[in-house]
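J.: I have a structure here, written as structure tokens, and I will follow up with some questions on it.
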Amino acid sequence: MCNGTRNEVLITGQLEFEKCTSQRGGGMYVLCHAYAIIVVNQLSFKDCSSSGQGGGLYNCESQLGGGCFLEFWYNDYTSFITNDLVLFDNCTSEKGGGIYSKFYSLGSMLSNNYSFNDCTALFGGGIFLEIDNGTFKIEDTTFNCCICTQPGNGGGISLIHKPSSIISITNSSFINCKTISNSLDQRYGWGGAIFIQTSVTASNLNELNFLMKNLIFSGCSAINSIGNNIHIQSFDTYATGEAIESQNLVTVNGTINLYYNNSYQQDYMGIDESKIRIMLMGIRDQTNRTVERLVNLAQ
124 MCNGTRNEVL
134 ITGQLEFEKC
144 TSQRGGGMYV
154 LCHAYAIIVV
164 NQLSFKDCSS
174 SGQGGGLYNC
184 ESQLGGGCFL
194 EFWYNDYTSF
204 ITNDLVLFDN
214 CTSEKGGGIY
224 SKFYSLGSML
234 SNNYSFNDCT
244 ALFGGGIFLE
254 IDNGTFKIED
264 TTFNCCICTQ
274 PGNGGGISLI
284 HKPSSIISIT
294 NSSFINCKTI
304 SNSLDQRYGW
314 GGAIFIQTSV
324 TASNLNELNF
334 LMKNLIFSGC
344 SAINSIGNNI
354 HIQSFDTYAT
364 GEAIESQNLV
374 TVNGTINLYY
384 NNSYQQDYMG
394 IDESKIRIML
404 MGIRDQTNRT
414 VERLVNLAQ
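Numbering (the working numbering), first residue to last: 124 to 422.
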């Protein structure tokens, strides 16, 4: 816990943690109330567990944040930085199998060379993030076989993107990530790899606050193919898709004419906020009317 100003916490140097247990933070629990910098590199957590938040990074279970729990409060800058490999292997949680994070301030999460393997959760198999006036940037990260179960969204990442927030996901791979059905609650299950709920209006979307570049998707799937790779919930799906296309805010390696090729129409989808309740009531056909394409919108 960081209470004072200008705290700096360094956790680095090929550290391994085995069979660690705690009510909060079997692997890692970080709560910041003031300006702080947390630098984490080359960590491996094995067989860690938590009954509350932050289980561990390998074979771990938790209610929130199977691998790592982060909460940043108040109006001072707090940064969570990783520059070298941090492994999340077989982590399980209700929200964020690998990482659960909430930014309530000008916090930032700047990370590269993460690896999420076989992480599962109800919301966000690899990462669950709610960001309000902060920055989330990941690069060179791999999500492999991460799973989210209905009624959650986002097999790899589930992200709530509020105004004055920045998200950037670049040079990252999503392999065999998926959402799976739940016989007890068959709502949602959108975004096999990435689910984003954004409150930023289409007119304000730009490469400074919304960027997903040089991504790789392979074998990802969502319930009813509603956004096998990416699903975005916004105020206006059509306008959001137009903003993304006109500024080229999403690029995917190995695709041909991404924004107009019909073969991608179920891989990149979205829904208007106003239509969610209608869809859940079964008034409209969710695949043809309520849930719309984010790509090839100009056709």
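Note that beta-carbon positions come from the ideal geometry of N, C-alpha and C, so glycine has one too.
1. Look up Ser174 in the DSSP assignment and say whether it is helix, strand or coil.
2. Specify whether the segment 301-311 and the segment 321-340 touch according to this definition: at least 3 beta carbon pairs, one from each stretch, less than 8 Å apart.
3. What's the gap between the Cα of Glu396 and the Cα of Phe239?
4. To the nearest angstrom, report how far apart Glu262 and Asn235 are at their CA atoms.
5. Which ranges would you report for the beta strand (DSSP E) in the segment 234-284 if only whole runs of at least 3 residues count?
6. Would the segment 279-293 and the segment 239-258 be scored as touching if the rule is three or more Cβ pairs under 8 Å?
7. Evaluate Leu338 with the Cβ neighbour count: other Cβ atoms within 10 Å of its Cβ, from every protein chain shown; 16 or more gives buried, anything less gives exposed.
8. Hey, Leu334 and Thr363: beta-carbon distance below 8 Å or not?
9. Locate the alpha helix (DSSP H) running through Ser386, then write down its first and last residues.
10. Could you give the distance in angstroms between the alpha-carbon of Ser369 and the alpha-carbon of Leu138?
11. Give the DSSP bridge partners of Leu133, in chain order.
12. Let's see if you can read the secondary structure: which residues bound the beta strand (DSSP E) around Leu317?
13. Closest to Ser357 by CA distance: which of Leu193, Leu331, Gly393, Gly247 is it?
14. Would you decide whether Gln176 is buried or exposed? Buried here means 16 or more other CB atoms lie within 10 Å of its CB.
15. Determine the burial state of Thr135: buried for a count of at least 16 other Cβ atoms within 10 Å of its Cβ, exposed for fewer.
16. Beta-carbon within less than 6 Å of Met232's beta-carbon, same chain only, minus the 5 sequence neighbours each way: which residues are those?
17. Can you say whether Glu330 is buried or exposed, counting buried as having 16 or more other CB atoms within 10 angstroms of its CB?
18. Leaving out five residues on either side along the sequence, give the residues of the same chain with a beta carbon under 6 Å from the beta carbon of Val132.
19. Please report the Cβ distance between Asn299 and Cys271, rounded to the nearest whole angstrom; I am assuming they are in contact, meaning their Cβ atoms lie under 8 Å.
20. Out of Ala366, Glu365, Tyr361, Asp390, point me to the one whose CA is closest to Val375's CA.
21. How would you write the range of the beta strand (DSSP E) that Gln356 sits in, first residue to last?
22. Quick one: what's got a C-beta closer than 8 Å to Gln273's C-beta in the same chain, skipping five residues either side?
23. Given this structure, state the Cα-to-Cα distance separating Asp81 from Val209, to the nearest angstrom.
24. Return the CA-CA distance between Tyr223 and Ile250, expressed in angstroms with no decimal places.
25. Return the CA-CA distance between Gly342 and Gly315, expressed in angstroms with no decimal places.
26. Roughly how many angstroms separate the alpha carbons of Ser296 and Lys398, rounded to a whole number?
27. What residue range does the beta strand (DSSP E) around Thr374 cover?
28. Just verifying my parser: in three-state terms, what is the DSSP assignment at Tyr361?
29. Let me make sure I understand the geometry here. Which of Ile317, Ile290, Asn294, Ile292 has the alpha-carbon closest to that of Gly279?
30. Using DSSP with H/G/I as helix, E/B as strand and the rest coil, what is Ile349?
31. What are the boundary residues of the beta strand (DSSP E) that Thr205 is part of?
T.: Inspection of the coordinates gives the following:
1. Only weak support exists for where Ser174 lies, its pLDDT of 48 falling under 50; the value from the coordinates is given anyway. If DSSP states are grouped into helix, strand and coil, Ser174 belongs with the strands.
2. Because the criterion of three Cβ pairs below 8 Å is not met, the segment 301-311 and the segment 321-340 do not touch.
3. 30 Å
4. Spanning the two alpha carbons is a distance of roughly 5 Å.
5. Counting only runs of 3+ residues, the beta strand (DSSP E) found wholly inside the segment 234-284 occupies 237-240, 243-246, 250-254, 258-262, 265-267, 270-272, 280-284, in chain order.
6. yes
7. With 16 or more Cβ atoms within 10 Å of its Cβ, Leu338 is classed as buried.
8. No, the Cβ-Cβ distance between Leu334 and Thr363 is not below 8 Å.
9. Unbroken run through Ser386: none, as it is neither H nor E.
10. 45 Å
11. Val162
12. According to the sequence as given, residue 317 is Ile; it is not Leu. Ile317 -> beta strand (DSSP E) spans 317-321.
13. Gly393
14. Any reading at Gln176 must be qualified, since the residue scores a pLDDT of 49, below 50, and its modelled position is unreliable; the value itself is stated next. Flag for Gln176 reads buried.
15. Burial check for Thr135: the Cβ neighbour count within 10 Å stays below 16, so the residue is exposed.
16. Phe203, Phe259
17. exposed
18. Ile161
19. Asn299 to Cys271, Cβ: 13 Å. No contact.
20. Asp390
21. 353-357
22. Thr302, Ile303, Ser304, Asn305, Asp308, Gln309, Arg310, Tyr311, Gly312, Ile346
23. Here the chain comprises residues numbered 124 to 422, so residue 81 is not present and cannot be evaluated.
24. 6 Å
25. When only Cα atoms are considered, Gly342 and Gly315 end up about 9 Å apart.
26. 31 Å
27. For Thr374, the enclosing beta strand (DSSP E) begins and ends at 373-375.
28. helix
29. Ile317
30. coil
31. Run containing Thr205: 201-205, per the beta strand (DSSP E) assignment.
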